[in-house]
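Notes for the one structure printed next.
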Amino acid sequence: MKVASVTNYNPPVCTPKHNVRQDFSPVFKSAGYKQIDGVTKIFNRVFKKGLCACNFAALEGVQKGLKTFEGLSIKQMAFAFTDLHSINMMSGCTNHCLHCYANAQPFIKRYPFEDLVQICSDAKEFKNRTGINLAHHHGDPYIEMSFDADAIDCHLYDRNGVKHDFIEIAKIMREGLGYKPVFDTNGWDLNNKDKQKRAEEYVEKLMQDKNYKNFYQINISINPFSPKYTKILNSGYSPDELYTPLREIGVEDNRPEDLKKASDMYLKYLKKTANILYTFKPLLKAKNFSVIIRALNNDIPEMKGYRIEDFATTLQHLYAQLYLTYVLTGRMSEKELKKYADLLGRVSGRMFSSGRMEKFYRVKNKDSEVDGIMNIDEARLTSYLDLERVKYSGSLSKASQRYLKMITPDGKVYLYDNYAIIPTDVRIKTSTPDISKPFSIPVENFTVTDKMIDLI
Numbered sequence: 004m005k006v007a008s009v010t011n012y013n014p015p016v017c018t019p020k021h022n023v024r025q026d027f028s029p030v031f032k033s034a035g036y037k038q039i040d041g042v043t044k045i046f047n048r049v050f051k052k053g054l055c056a057c058n059f060a061a062l063e064g065v066q067k068g069l070k071t072f073e074g075l076s077i078k079q080m081a082f083a084f085t086d087l088h089s090i091n092m093m094s095g096c097t098n099h100c101l102h103c104y105a106n107a108q109p110f111i112k113r114y115p116f117e118d119l120v121q122i123c124s125d126a127k128e129f130k131n132r133t134g135i136n137l138a139h140h141h142g143d144p145y146i147e148m149s150f151d152a153d154a155i156d157c158h159l160y161d162r163n164g165v166k167h168d169f170i171e172i173a174k175i176m177r178e179g180l181g182y183k184p185v186f187d188t189n190g191w192d193l194n195n196k197d198k199q200k201r202a203e204e205y206v207e208k209l210m211q212d213k214n215y216k217n218f219y220q221i222n223i224s225i226n227p228f229s230p231k232y233t234k235i236l237n238s239g240y241s242p243d244e245l246y247t248p249l250r251e252i253g254v255e256d257n258r259p260e261d262l263k264k265a266s267d268m269y270l271k272y273l274k275k276t277a278n279i280l281y282t283f284k285p286l287l288k289a290k291n292f293s294v295i296i297r298a299l300n301n302d303i304p305e306m307k308g309y310r311i312e313d314f315a316t317t318l319q320h321l322y323a324q325l326y327l328t329y330v331l332t333g334r335m336s337e338k339e340l341k342k343y344a345d346l347l348g349r350v351s352g353r354m355f356s357s358g359r360m361e362k363f364y365r366v367k368n369k370d371s372e373v374d375g376i377m378n379i380d381e382a383r384l385t386s387y388l389d390l391e392r393v394k395y396s397g398s399l400s401k402a403s404q405r406y407l408k409m410i411t412p413d414g415k416v417y418l419y420d421n422y423a424i425i426p427t428d429v430r431i432k433t434s435t436p437d438i439s440k441p442f443s444i445p446v447e448n449f450t451v452t453d454k455m456i457d458l459i
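Position 215 (the sequence shown) corresponds to 218 in the working numbering; numbering is contiguous.
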């Protein structure tokens, strides 16, 4: 199986600057709030006008009565919802991938379902009043409901204790914000019956009435950065030495004990990953289904075992395991296997050196004089320089790229560029009180004020 370096889907990245304003319509007063005339509303809908491109002064007042936007100007609303990456109504992940740029922790927090509904409903009403979609992306066309959670864990509870799953949430977000979330999972262990059942239920629901269309993309994430895979590599044996699926039963195994132990761990890893792919097999029919595989580029010699060329052997073993476990037993067709073979042949070297990756790199190379953390990605330095420019100039437009936005459950708006999380003084209205630590990544000790917002 040929393994190529191809990117299917990327985490959020900053996008080039773009800032256009147009005076688009006459506005007149009505009972309670300003209204837009019908012809202009139709024009805005047909041409998909973004709030960021409109005359803010002409629109001021149209948001009156919408709880989410109490105390906010149209300019502040446009700022918060332009290039919005996520509304973080839950946080935490039970996986502990060592390359996680969100530095996700295993404890999970969930916030009121009603808050997410309120935000999406008010955004939808804003569009009903103006014909303008509140949210607007200059780059990646999706909005998440969490910054660091696995999709299998993505559900919320309302104040009556009723559970609302990700299928329902995705539809609410699409209808309210005009953008879909991503269903992205790193999978689960073979012995985790609860998650296995939950995954099967999600797959079934995703296929019902083509619910998968409410998601921008559905991804299974495979990478060499899980703690268990790292433990396998630390055994010192190569994947080819570890993979012996056809060893005859009854034949005495004279291999060293440490090799046998590592070989068992490796086979469990392959079986676990093959099971995840098999569980999601019905989604092979969906055009937005993919397997996202990330490893480090081959030109980082000090990270052997975690590079594309190293992980290629494991992907070939995974293909073989799918064939042995599911094709030979009649549970997967040759055609389905071929589709998975195509997906397993696409590997991306695009990686962020922020979050847990930096710590992982430095621990692995603690006795080395080589410090190649900056070689993993060039944007790390750009992020630092951009933040310094904004601090020095007092102007957001001085950064070389756009920042994405994240809204925490308490309504606070943060800037994000895959490396730094920067507070702003813009805050929408929710029922959740102040959160002292909204992210696992440290937040910058610097606040972007309303006066600094000269780029939307």
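Using N, Cα and C, we set each Cβ at its ideal position, and we do this for glycine too.
Proximity of residue i and residue j at Cβ, strictly below 8 Å
i           : j           : result
residue 2   : residue 117 : Outside the displayed span of the chain (4 to 459) sits residue 2, for which this structure offers no information.
residue 437 : residue 413 : yes
residue 458 : residue 390 : no
residue 340 : residue 325 : yes
residue 134 : residue 48  : yes
residue 175 : residue 101 : no
residue 112 : residue 89  : no
residue 150 : residue 355 : no
residue 136 : residue 51  : yes
residue 77  : residue 62  : yes
residue 350 : residue 279 : no
residue 305 : residue 396 : no
residue 314 : residue 289 : no
residue 294 : residue 225 : yes
residue 122 : residue 71  : yes
Cut-off 7 Å between Cβ atoms - residues of its own chain near residue i, not counting five sequence neighbours on either side
i           : result
residue 185 : 145, 147, 218, 219, 220 and 222
residue 103 : 358 and 359
residue 327 : 248
residue 465 : Any question about residue 465 goes unanswered here, given that the chain covers just 4 to 459.
residue 25  : Residue confidence is low: residue 25 scores 40 on pLDDT, short of 50, so the model does not pin down where it sits. No coordinate-derived value is stated.
residue 272 : 231, 232 and 235
residue 378 : 303
residue 439 : none
residue 201 : 155
residue 401 : 392 and 393
residue 409 : 88, 89, 91, 150, 417 and 419
residue 203 : 282
Residue i - partner residues in DSSP beta bridges
i           : result
residue 53  : 136
residue 183 : 145
residue 383 : Residue 383 pairs with nothing; no bridge assigned.
residue 188 : 223
residue 430 : 415
residue 451 : 427
residue 261 : DSSP output for residue 261 lists no bridge partner at all.
residue 295 : 224
residue 160 : 166
residue 97  : Residue 97 pairs with nothing; no bridge assigned.
residue 89  : 147 and 409
residue 112 : 94
residue 334 : For residue 334, which the question treats as bridged, DSSP gives no partner whatsoever.
residue 310 : 299
Min CB distance residue i to chain B below 8 Å
i           : result
residue 133 : In the displayed structure, chain B is absent; only one protein chain is listed.
Integer Cβ distance of residue i from residue j, believed to fall under 8 Å
i           : j           : result
residue 284 : residue 193 : Incorrect: roughly 16 Å between the Cβ atoms, too far for contact.
residue 242 : residue 309 : Actually they do not touch by this definition, with Cβ atoms about 12 Å apart.
residue 96  : residue 107 : 4 Å
residue 384 : residue 342 : About 39 Å separates the two Cβ atoms, so there is no contact after all.
Neighbourhood of residue i by C-beta, 6 Å cutoff - its chain only, sequence neighbours within 5 removed
i           : result
residue 33  : Legend: pLDDT at residue 33 = 39, less than 50; position of this residue unreliable, value from coordinates given subsequently. Nothing meets the Cβ criterion.
residue 403 : 389
residue 364 : 376
residue 132 : 65
residue 445 : none
residue 329 : 281 and 335
residue 172 : 148
residue 430 : 414 and 415
residue 114 : 92, 412 and 435
residue 423 : 386, 390 and 447
residue 81  : 54, 55 and 459
residue 317 : 242
Close beta carbons around residue i, own chain, < 8 Å, minus the five adjacent residues each side
i           : result
residue 208 : 168, 170 and 214
residue 53  : 85, 135, 136 and 139
residue 27  : Caution applies to residue 27, whose pLDDT of 36 falls short of 50 and renders its modelled position unreliable; the value that the coordinates give is listed next. 43, 46, 47, 52, 57, 58 and 61.
residue 3   : The structure shown has nothing for residue 3, since the chain only spans 4 to 459.
Practice problem: Check whether the segment 259-270 touches the segment 230-239, taking contact to mean three or more Cβ pairs, one atom from each stretch, closer than 8 Å. | Solution: yes
Practice problem: Evaluate the contact criterion for the segment 318-333 versus the segment 121-130: three or more CB pairs, one atom per stretch, below 8 Å. | Solution: no
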